[in-house]
Amino acid sequence: MKRSDKFPTRTNCISCIDRQFGSKTAVAKCFLYTFLREQPIWHSLRFWNAAFFDAVQCERARRPVCTSEEASEEKVDDSEFQENVTFGQLGTFTCNMKSFGLSRELCFEFLRKQSTIANLSREKQRLLKENILHSKDN
């Protein structure tokens, strides 16, 4: 999935600006991003937790659930799929949180909570923590 597909609202807003302001789009885009970034909702862990839950549920819904009658190999594959969904979404969400100006501490708290709930492996938690540490502060 292309990065632009993940943010349809942002793309739609920028498209509207392009149509309305014509040659002034660079200034308008910067203002819109700055204005949106300063909104209090982005600094709420409650928002990020709810959005994360929704994103994971949507991605999991695309794949049929493993039933008890299926072979154990398929159950292992399903378990790996669930862990990979959580890992991928946590990487995306922590990156987005940093881009909206949230502190590393808040990102770590979010990561700790969600990886504990999902029982994410220590290795994947370590990789996500390193990603947060190496991301630049905005």
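Taking the working numbering, the leading residue of the sequence shown gets 12, the next gets one more, and so forth. Note that the Cβ used here is the ideal one computed from N, Cα and C, for glycine as well. Keep in mind it's a predicted model, so treat the numbers as computed, not measured.
Straight-line measurement puts the Cα of F46 at about 43 angstroms from the Cα of D88. In the three-state scheme derived from DSSP, where H, G and I count as helix and E and B as strand, A129 is classed as coil.
Going by C-alpha positions, S132 is about 35 angstroms away from Y44. It is roughly 20 angstroms from the alpha-carbon of A129 to the alpha-carbon of N107. Counting along the chain, the unbroken alpha helix (DSSP H) around Q68 starts and ends at 56-72. CA-CA distance, C118 to T105, rounds to 6 angstroms. The Cβ atoms of G112 and R48 sit closer than 8 angstroms to each other.
E85 has its alpha-carbon roughly 44 angstroms from the corresponding atom of Q50. In the displayed model, G112 falls within coil according to three-state DSSP, outside both helix and strand.
With 16 or more other Cβ atoms inside 10 Å of its own Cβ, F98 counts as buried. A residue is called buried when at least 16 other Cβ atoms come within 10 angstroms of its Cβ; I52 does not meet this threshold and is exposed.
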